[in-house]
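Residue numbers (the working numbering): 116 to 318.
Glycine is no exception: its CB is placed at the ideal position from the N, C-alpha and C atoms.
Values in this document were obtained by computation on a predicted structure and should not be read as measured data.
Data block below; observations after.
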């Protein structure tokens with residue numbers, strides 16, 4: 116038996132796609148492909164930007180709002196080990212504990228993102244997560260924290276000297292986060308990182 120090959124079968128979402136009542140669509144070649152339900156389109160757009168969390172800063176005022184808006188404006192920017200400073204994203208350095216280099220990646224690591232966001236509010240931070248934990252008023256529990264606070268993570272919970280990561284608290288148990296190599300700036304649950312070590316308020 117002969118098999119007939121049709122070209123252009125990989126264009127299921129082009130203008131030629133025809134709606135089908137069974138939840139599929141037929142393209143110009145007659146191939147039925149699944150359609151994307153409207154309720155999933157927003158989720159897909161969010162994933163493309165680098166995170167699934169909501170990003171409302173409603174009710175947040177002053178420097179906290181400035182910090183959050185600056186950090187949120189960088190959603191989708193690649194993680195770069197050693198990347199980012201008070202001026203914005205930049206190429207990073209070599210290498211992360213897992214051996215990943217940021218030399219060719221323009222982006223932020225965790226403390227690069229916080230350095231940039233707080234600089235927009237006129238607050239200068241040192242460049243590492245551990246050093247940033249020495250600034251401001253320390254907050255020991257998540258319940259004490261408010262949007263715009265720094266949130267820290269430690270290899271040894273309770274020991275500031277072992278802090279390895281920092282994010283910016285968004286509220287509702289979420290943070291703006293440059294998590295690790297291979298990810299992008301995004302909104303994550305605070306609980307997604309291990310070793311919660313409290314936070315700090317810088318105003």
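Mind reading off the beta-carbon distance from residue 293 to residue 228? Whole number of angstroms is fine, and I expect it under 8 Å.
To locate residue 293, count along the chain shown from 1; it is residue 178. To locate residue 228, count along the chain shown from 1; it is residue 113. Contact annotation, residue 293 with residue 228: C-beta distance approximately 5 Å; criterion of less than 8 Å satisfied.
Three-way DSSP call (helix, strand, coil) for residue 279 in this model
As a first step, residue 279 is located in the chain shown; it is residue number 164 there, counting from the start. Looking at residue 279 - three-state DSSP - the assignment turns out to be strand.
Delimiting residues of the beta strand (DSSP E) encompassing residue 316
Residue numbering aside, residue 316 sits at position 201 when the chain shown is read from its first letter. Residue 316 -> beta strand (DSSP E) spans 311–316.
Just confirm the distance between the C-beta atoms of residue 172 and residue 233, as a whole number of angstroms; I'd bet it's less than 8 Å.
Taking the chain shown and counting its residues from 1, one reaches residue 172 at position 57. Taking the chain shown and counting its residues from 1, one reaches residue 233 at position 118. Between residue 233 and residue 172 the Cβ distance is about 15 Å, and since that is not below 8 Å, they are no contact.
Just to confirm the assignment: which complete alpha helix (DSSP H) runs, minimum length 4, are found wholly within the stretch 213–250?
Runs found: 225–235, 244–247.
Name the residue from 174, 254, 264, 282 whose alpha carbon lies nearest to the alpha carbon of residue 273.
Residue numbering aside, residue 273 sits at position 158 when the chain shown is read from its first letter. Nearest of 174, 254, 264, 282 to residue 273, Cα basis: 254.
Could you say which of 216, 245, 204 lies nearest to residue 185 if we only look at CA atoms?
The residue you call residue 185 lines up with position 70 of the chain shown. Looking only at 216, 245, 204, the smallest Cα-Cα distance to residue 185 is reached by 204.
What does residue 190 pair with, by DSSP beta-bridge criteria?
On the chain shown, residue 190 is found 75 positions in, with the first residue counted as 1. Partner residues in a beta bridge of residue 190, as assigned by DSSP, do not exist.
Cβ-based neighbour list, residue 247, same chain, cut-off 7 Å, excluding 5 preceding and 5 following:
The count along the chain shown starts at 1 and reaches residue 247 at position 132. If we look at residue 247 and ignore the five residues flanking it on each side, its Cβ neighbours are 226, 229, 240, 241, 265, 281.
Candidates 279, 216, 270, 263, of which the one nearest residue 289 by Cα:
Looking up residue 289 in the chain shown gives position 174. In terms of Cα proximity to residue 289, the closest of 279, 216, 270, 263 is 263.
For residue 249, is the classification buried or exposed, using 16 other Cβ atoms within 10 angstroms of its Cβ as the cut-off for buried?
For this step, residue 249 is matched to residue 134 along the chain shown. Here residue 249 is exposed: its Cβ has fewer than 16 other Cβ atoms, across all protein chains shown, within 10 Å.
So residue 302 is in the beta strand (DSSP E); what residue range does that whole segment cover?
Within the chain shown, residue 302 is the residue found at index 187, counting from 1. Where residue 302 is concerned, the enclosing beta strand (DSSP E) stretches over 301–304.
On the DSSP bridge assignment, give the partners of residue 266 in chain order.
Position 151 of the chain shown, counting from 1, holds the residue named residue 266. Note: residue 266 sits in a beta bridge opposite 282, 314.
How close, in whole Å, do the beta carbons of residue 283 and residue 312 come, if the pair is a contact with beta carbons under 8 Å?
In the chain shown, counting from the first residue as 1, residue 283 sits at position 168. In the chain shown, counting from the first residue as 1, residue 312 sits at position 197. 15 Å between Cβ atoms; not a contact.
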